[in-house]
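There are 2 protein chains.
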Amino acid sequence: MKISALGEFPLIERIAQRLPPYRKDVRVGIGDDVAVLEVDDQTYQLATCDIQVEGAHFSRHSITPYQLGRKAAAINLSDIAAKGGTPEHFLVSLALPPDTEVSWVDALYDGLREEASRYDADIVGGNLSKTDGPIVVDVFLLGQVSQEEALLRSGARVGDVVLVTGCLGVSAAGLALVLQPDLGVESEEAEQLLAAHFTPTPRIWEGRAIASRRRATAMIDLSDGLSSDIGHICDESDVGVRLWAKRLPVSGATRRVAELTGRVDWALALQGGEDYELCFTAPPEVERELAAAVREATGTEVTSIGEVLPDEAGRWVQLPDGREIPLKPEGWDHFRVGA
Amino acid sequence: MKISALGEFPLIERIAQRLPPYRKDVRVGIGDDVAVLEVDDQTYQLATCDIQVEGAHFSRHSITPYQLGRKAAAINLSDIAAKGGTPEHFLVSLALPPDTEVSWVDALYDGLREEASRYDADIVGGNLSKTDGPIVVDVFLLGQVSQEEALLRSGARVGDVVLVTGCLGVSAAGLALVLQPDLGVESEEAEQLLAAHFTPTPRIWEGRAIASRRRATAMIDLSDGLSSDIGHICDESDVGVRLWAKRLPVSGATRRVAELTGRVDWALALQGGEDYELCFTAPPEVERELAAAVREATGTEVTSIGEVLPDEAGRWVQLPDGREIPLKPEGWDHFRVGA
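This is the structure we're talking about:
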């Protein structure tokens, strides 16, 4: 069987099952975006990597090397943010065609450095290789979080609310603009959307504000898309979920793109990937407290978008008209045909 | 300028110079194969990565996926060995064409797992992507070492001897056999050489035996080739060196390949890459003690192959006839034309 027939998540599951049991210090291993490792009684080390492959994740013709550097760093930072952690050390692996311009590499590193510096993290090593194929930028990031504050995917409880930082569907709207630059979106809004797509903001400070209150129960970052990523919390916490379509936070600019491309705005928010917002769960009585903490620390809004159900109740989206449809992961699968 | 004109090490130097100063906890950063990070007063965390790109590092037609998995893990383990460290946690990034067979991925992971298990390390995460180009296997490895025992490239002192574990040129002889299978080497020897090339043995236990004695002064693993790698110790320690060609340890099988291919055996040992032996320096009075410690712990022989000179004395190879020639790095440079 080919991996395109099996699909990305079943392949990860298959790999995990073939590995021997972990040593005691591995709190979360393969299957999560971040490995969570016990350093001592108080601290978890966090380790994550994200590979960006030309042709699969980016095109050299639409993203600048500076933007690519920022994005490659940001998506790793976002994984650390999802655990409530603090980023510390980057390693960067590059596979480059020999005819790559030195100035291209300079600009890539300028972007990596800019993004790392914003969160006081250092680029401490890496690896260079030539390739006859597409450019590969593989970023590895170490971070840490206290065990008391760490948020995993596995802690959501029935009755919790589902909350999200910022707006959803913005990156997908940005991508739509890249593919159809003449959509007719006004320039200030277009800039906003393109920035969200090319240089997403990892929610490190928001993650810290949420985690340090110690009241949230589970967290994940939205990389593949809400409809897919919320499923990981359900899987790991053994719960179901109901998302409220009309509560999904959508910006005016995203709504414009949805209208101009004949799409439904909440569907864009539900299925669009690469927003890198944080989605977390918490008991309803702390919703206001957490939203206020995030707003005070960062200015970012937090919106409640659903509720955690018992596992046997299933996973649902309540449409704006009140009807309910099954929640299906419509996010990104790397190996599926057509992906 | 293109990176092929600049070359690999000048490119790394250029990248390093564009980065801001490190935070205090970075003991060794970019430029070394391993980042050395202060966890607390006693311990260094070690972090390394090595990318394997199809067409640049391996051919799917000559290496099996099981061998590739073992090798990809081993070359990272070797970097940890070079610091005297203990490996702990692997992350694995893969870029795979969608038509890759699931059984190929299974076998790759069998190899990774086999090699990790030998040294009691866990594979705790990673990343999968599709690619339209060559297969990429990028392995990250975390390890640790006590600060008292850690060996860096920067500690060699004038008057030290240069020592090496095992035999040199074996992997290069194995590669010669891959390229010319009908050389006429007898099968048992051929198997030895091919195993050294396809599934090198990282010298973790040898590294621990050397480091735990706390008498060696600097160490590196031989990945690019002795003539190139010893230069890193000279650069970082501000010393010169004289290597004795006739003392370079060469196995009978390697000597046979050298004869059959019309090459000089000590040149193969000096310039051949991918042996993953450890090269270290120590005061002459502890040479016997260290060699005995390594032999007792692992059965591996240690050979003295040169002496550390003042920086201004330069870097030399003393030929078997007593003449001296300048030591030039003839190892691997990824981006040079023809590399």
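Sequence order for the protein chains is D and A.
Here the first sequence stands for residues 1 to 339, where the numbers follow our numbering.
Here the second sequence stands for residues 1001 to 1339, where the numbers follow our numbering.
Cβ atoms here follow ideal geometry from the backbone N, Cα and C, with glycine treated the same way.
Taking 7 Å as the limit between beta carbons, can you name the residues of its chain near residue i, skipping five residues before and five after?
| i | result |
| --- | --- |
| ASP311 of chain D | ASP238, VAL239, GLY240 |
| ALA190 of chain D | LEU177 |
| SER212 of chain D | GLU149 |
| LEU19 of chain D | ILE30 |
| ALA1196 of chain A | VAL1170, SER1171, GLY1174 |
Which chain D residues sit within Cβ distance under 7 Å of residue i?
| i | result |
| --- | --- |
| PRO1202 of chain A | In chain order: nothing, as chain D lies at least about 17 Å away. |
| ARG1060 of chain A | Within chain D, no residue comes near ARG1060 of chain A; the closest Cβ sits about 13 Å away, beyond 7 Å. |
Quick check on residue i: does DSSP put it in helix, strand or coil?
| i | result |
| --- | --- |
| ARG213 of chain D | coil |
| THR298 of chain D | helix |
| ILE1325 of chain A | strand |
| ARG1203 of chain A | coil |
| ARG242 of chain D | strand |
| VAL26 of chain D | strand |
| CYS1279 of chain A | strand |
| LYS130 of chain D | strand |
| THR254 of chain D | helix |
| GLN1017 of chain A | helix |
| ALA1150 of chain A | coil |
| TYR1044 of chain A | strand |
| ASP221 of chain D | strand |
| ASP1122 of chain A | strand |
Let me confirm a value: residue i is counted as buried when at least 16 other C-beta atoms fall within 10 Å, else exposed. Which label applies?
| i | result |
| --- | --- |
| GLY1262 of chain A | exposed |
| ASP1040 of chain A | exposed |
| ALA292 of chain D | exposed |
| MET1 of chain D | exposed |
| GLU974 of chain A | This structure cannot settle anything about residue 974 of chain A, because the visible part of chain A is limited to 1001 through 1339. |
| PRO1181 of chain A | exposed |
| ARG1153 of chain A | buried |
| ALA1005 of chain A | exposed |
| LEU179 of chain D | exposed |
| SER59 of chain D | exposed |
| GLY252 of chain D | exposed |
| GLU101 of chain D | exposed |
| GLY1111 of chain A | buried |
| ASP1079 of chain A | buried |
| ASP321 of chain D | exposed |
| ASP99 of chain D | exposed |
| ASP1032 of chain A | buried |
| GLU340 of chain D | In the structure displayed, chain D extends from 1 to 339; residue 340 of chain D sits before or after that span and is not available. |
| GLY1184 of chain A | exposed |
| GLY951 of chain A | In the structure as shown, chain A starts at 1001 and stops at 1339, and residue 951 of chain A therefore has no counterpart that could be examined. |
| ALA1313 of chain A | exposed |
So, for residue i: in the same chain, excluding its five sequence neighbours on each side, which residues have a beta-carbon less than 8 Å away from its beta-carbon?
| i | result |
| --- | --- |
| PRO283 of chain D | ARG157, GLY159, ASP160, VAL161, ARG215, THR217 |
| SER117 of chain D | none |
| ARG247 of chain D | THR303, SER304, ILE305, GLY306 |
| GLU1324 of chain A | ARG1242, TRP1316, VAL1317, GLN1318 |
| GLU1277 of chain A | VAL1164, THR1165, GLY1166, CYS1167, LEU1168, ARG1203, ASP1221, LEU1222 |
If I measure Cβ to Cβ from residue i and keep anything under 6 Å in the same chain, skipping five residues before and after, which residues do I get?
| i | result |
| --- | --- |
| PRO1329 of chain A | SER1227, SER1228, GLY1231 |
| LEU1128 of chain A | LEU1094 |
| ARG1255 of chain A | ASP1265 |
| ILE1423 of chain A | This structure cannot settle anything about residue 1423 of chain A, because the visible part of chain A is limited to 1001 through 1339. |
| GLU1258 of chain A | As written in the sequence, residue 1258 of chain A is Ala, which differs from the Glu given in the question. Excluding positions up to five away in sequence, the list reads ASP1265, LEU1268. |
| ALA172 of chain D | LEU268, GLY272 |
| ALA72 of chain D | GLN52, VAL137, VAL139 |
| GLU274 of chain D | SER171 |
Starting from the beta carbon of residue i, find every residue of chain A whose beta carbon is closer than 7 Å, and list them in chain order.
| i | result |
| --- | --- |
| GLY123 of chain D | Before going further, note that residue 123 of chain D is Ile rather than Gly in the sequence given. LEU1019, ILE1030, listed in chain order. |
| GLU8 of chain D | LEU1128 |
| VAL23 of chain D | What sits at residue 23 of chain D in the sequence shown is Arg, not Val. By Cβ distance, chain A contributes ASP1122. |
| SER4 of chain D | PRO1098, ASP1099 |
List, in order along the chain, the chain A residues whose C-beta lies closer than 9 Å to that of residue i?
| i | result |
| --- | --- |
| MET1 of chain D | GLU1101, VAL1102, SER1103 |
Give the residues of chain D in contact with residue i, contact being defined as C-beta atoms less than 9 Å apart.
| i | result |
| --- | --- |
| SER1093 of chain A | CYS49, ASP50, ILE51, SER93, VAL136, ASP138, PHE140 |
| ASP1106 of chain A | ARG14, ILE15, ARG18 |
| SER1117 of chain A | PRO20 |
| ALA1297 of chain A | Correct list: empty, because the minimum Cβ distance to chain D is about 23 Å. |
Can you list the residues of chain A that residue i reaches, using a CB-CB cut of under 8 Å?
| i | result |
| --- | --- |
| ALA35 of chain D | HIS1089, LEU1091, VAL1124, GLY1125 |
| SER228 of chain D | The contacting residues do not exist; SER228 of chain D stays about 15 Å from chain A at best. |
| THR64 of chain D | Those do not exist, as THR64 of chain D stays about 17 Å from chain A at its closest Cβ, beyond 8 Å. |
Name, please, each residue of chain D whose Cβ falls closer than 8 Å to the Cβ of residue i.
| i | result |
| --- | --- |
| ARG1113 of chain A | ARG18, LEU19, PRO20 |
| VAL1026 of chain A | HIS89, ASP122, VAL124 |
| TYR1109 of chain A | ILE15, ARG18, LEU19 |
Hey, would you say the C-beta of residue i is under 7 Å away from at least one heavy atom of the ligand ZN?
| i | result |
| --- | --- |
| ASP1025 of chain A | The ligand content of the structure shown is nil, which means the ligand ZN is not present either. |
Three-pair Cβ contact test at 8 Å for the stretch 116-128 of chain D versus the stretch 31-47 of chain D: no
The stretch 1155-1166 of chain A contacting the stretch 50-68 of chain D, beta-carbon criterion three pairs below 8 Å: no
contact_flag[the stretch 127-145 of chain D, the stretch 87-102 of chain D] where n(CB pairs < 8 Å) is 3 or more: yes
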